[in-house]
Amino acid sequence: MISLEKVRQRAEADARTNGCYLNPDQNFLKDLFEGLKVNEERYGYPSCPCRLATGKLDLDVDIICPCAYRDIDVSEYGCCYCALFVRKDVYEGKTSVGPIPERRPVYLQIRAYGSGGVPAEKQTEKLPETVTAPAKETVEVKRKAWYCRQCGYVCFREEPPYICPICKAKREMFAPLRISLDVQG
Amino acid sequence: MISLEKVRQRAEADARTNGCYLNPDQNFLKDLFEGLKVNEERYGYPSCPCRLATGKLDLDVDIICPCAYRDIDVSEYGCCYCALFVRKDVYEGKTSVGPIPERRPVYLQIRAYGSGGVPAEKQTEKLPETVTAPAKETVEVKRKAWYCRQCGYVCFREEPPYICPICKAKREMFAPLRISLDVQG
Amino acid sequence: MISLEKVRQRAEADARTNGCYLNPDQNFLKDLFEGLKVNEERYGYPSCPCRLATGKLDLDVDIICPCAYRDIDVSEYGCCYCALFVRKDVYEGKTSVGPIPERRPVYLQIRAYGSGGVPAEKQTEKLPETVTAPAKETVEVKRKAWYCRQCGYVCFREEPPYICPICKAKREMFAPLRISLDVQG
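Protein chains in written order, with the numbering used here: chain D, 109 to 293; chain S, 109 to 293; chain X, 109 to 293.
This is the structure:
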């Protein structure tokens, strides 16, 4: 059991740490916190209240709140997909926001739900060769080490973040970290 | 020599970065900053003003401010062990806090002070096999690489953090990072 | 094309994440944002508006905003070299700031501009053996992995940061991360 208040406090700390704000609409917020609480009790992690989780961590990891799309959606659209987190100007009421398109790549949706769970018109996106749908039972997530060429931040993920959580550089600034061994005989 | 003002500024920047606040009681704060200043001048690092440091970095590293228990104590109890850092609702006076239990594991206390320095009734905690007390002279700290399965944050520590400093996931979300070599002959 | 408003929003998020503030002088800010916008459109990255970039990422990486000197300059002088980012007490008008000396090491300036681009009186600084000027065409940046002994933060850079972006420890707290292999025959 996790309390609603704990869910709120974690979101507040997270917003402060990552340069954004909570939606100022308290009733709206409360509904989202309820959703996060339900998901955390059901799955063991607070998956996004606006998306369908599978209950398998490796398939859901990009949609655990704060989701992998939060920073870039707040930056580009003024709020995240759920509108839980907002940009400063939106928080201050200077800018209003419209609907946020789903940024989650189709191949991750297919990996999670199978191709039957994703509308056909969206499946035109070219899939990586390693994805064959439905693959729920056999999926293997390949994490790699990445570093930000601007500030040096290192992370271990399937894909680099859209925005560096330390220096806010964009995704293109990340490069894979390779380990080379110098063995001499 | 470090000025009190510098100690305050560092704590302010740290609170803002990590999603918490400084205790609003200015006189109380000033005493803590005095303690941090004294410790930094004595040991070379600002160890916790509410705990006894050994002066050996490897034995004290978890109690350098912000200590390894700060984020989780602020999250769970509303403030850190010293009450230097507080949660938003505590900062705003909506919640009051009581005494904070010492979260530092007994084995780390024994490693630092020897078993004579830790009350007998606390020594019932099962110790890791590698800890034999008192071991002050021969201690070897074994750091490992960990990553957060939610956001990919990588760190190199004895144990993973209680809360991910980037995405606020809990400790259970961390896994050890292993390097595998694929050598073919 | 990047909008001025986007440049501002990124700087706001970055300040909030890293424990500092934007200069409260809005006209002054606007000029700096214009400079960042011009640089980003010219080079593909927002190099410091107060310094000369080469257009080669590896030579400019320490002067992409937020530059590698931002946190330490804000901490020590109350603002960064450009005065784009300021410390809390400066933001609140309690402290005023004077001119900020250029902290960028001379060897990096020579590596970027050649020795002709750096005043002779500054070239008395001892250069690392690997620097021969002008070396613009052949420069090779050697990044290494570093970790913060206080909090475990890992980064991959030429030199460790002046201040740990997670726990605010000073540069001396960083150590190189070495990978050891245990091969038995």
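Beta carbons: idealized from backbone N, C-alpha and C, even for Gly.
In the three-state reduction of the DSSP assignment, VAL262(S) falls in the strand class, which pools E and B. Following the DSSP letters along the chain, one finds ALA253(D) inside the beta strand (DSSP E) bounded by residues 252-256.
LYS276(X) sits close to PRO174(S), with the two beta carbons spaced by under 9 Å. ALA161(D) and PRO132(D) have their alpha carbons spaced roughly 26 Å apart. For PRO273(S), at least one C-beta of chain D is nearer than 9 Å to its own C-beta. LYS114(D) is positioned such that its CB atom lies closer than 9 Å to that of SER183(S). In chain order, ARG251, CYS263 and PHE264 make up the part of chain D whose C-beta sits under 8 Å from the C-beta of TYR255(S).
Between ARG159(S) and ILE172(S), the beta carbon gap of about 10 Å keeps them out of contact (Cβ cut-off 8 Å).
Exclusion of the five residues before and after ASP168(D) leaves TYR151, TYR153, SER155, ALA161, THR162 and ALA220 as the residues of its chain whose Cβ lies within less than 8 Å of its Cβ.
By the Cβ test, the segment 199-207 of chain X is not in contact with the segment 140-148 of chain X, since fewer than three Cβ pairs between them sit closer than 8 Å. ARG212(S) has a beta carbon lying at 9 Å or more from every beta carbon in chain X.
The continuous alpha helix (DSSP H) containing ALA123(D) extends over residues 112-126. When C-alpha distances from GLU200(X) are compared across GLN117(S), GLY293(S) and GLY225(S), the shortest belongs to GLN117(S).
Using a 10 angstroms sphere on the CB of LYS250(S), the tally of other CB atoms stays under 16, which defines it as exposed. Counting only runs that start and end inside the segment 121-208 of chain S, the alpha helix (DSSP H) elements of at least 4 residues fall at 134-151, 165-168, 178-185 and 196-199. Using a CB distance cut-off of 9 Å, VAL182(D) counts as an interface residue toward chain X. Residue contact check for GLN258(S) against chain D: a CB pair falls below 9 Å.
Neighbours of PRO174(D) in chain S, taken as residues whose beta carbon is under 7 Å from its own, are CYS275 in chain order.
Taking a Cβ-Cβ cut-off of 7 Å, ARG286(S) has no neighbours in chain D, whose nearest Cβ is about 11 Å from it.
Bounds of any beta strand (DSSP E) do not take in ALA220(X); it lies within the alpha helix (DSSP H) bounded by 214-221.
For the segment 119-145 of chain S, the beta-carbon criterion of a distance under 8 Å to any beta-carbon of chain D is satisfied by ARG124, THR125, ASN126, GLY127 and CYS128.
Note that the C-beta distance between CYS188(S) and ASP181(S) is below 9 Å. Counting C-beta atoms within 10 angstroms of its own C-beta, ASP290(D) has fewer than 16 neighbours from the protein chains shown and is therefore classed as exposed.
A Cβ-Cβ separation of about 6 Å places LEU285(D) in contact with PHE264(X) under the 8 Å criterion. In this structure, the alpha-carbon of TYR129(S) lies about 22 Å from that of GLY260(X). Counting of Cβ neighbours within 10 angstroms places ALA228(D) among the exposed residues, the total staying below 16.
Here GLY293(X) is exposed, its C-beta having fewer than 16 other C-beta atoms within 10 Å. By the CB criterion at 9 Å, ARG178(S) and ASN126(X) fall outside the cutoff. Residue environment: ILE110(D) is assigned as exposed (fewer than 16 neighbouring CB atoms within 10 Å of its CB, all protein chains considered).
Here the alpha carbons of LYS278(D) and TYR215(D) stand approximately 22 Å from one another. Using a 10 angstroms sphere on the CB of GLN134(S), the tally of other CB atoms stays under 16, which defines it as exposed. Taking C-alpha positions only, LEU165(D) is separated from VAL247(D) by approximately 11 Å.
The beta carbon of ALA253(S) sits closer than 6 Å to the beta carbons of PHE264 and LEU285 from its chain, once the five residues preceding and following it are set aside; these are given in chain order. If the five residues before and after VAL262(S) are omitted, its C-beta is found closer than 6 Å to the C-beta atoms of TYR255, all from its own chain and listed in chain order.
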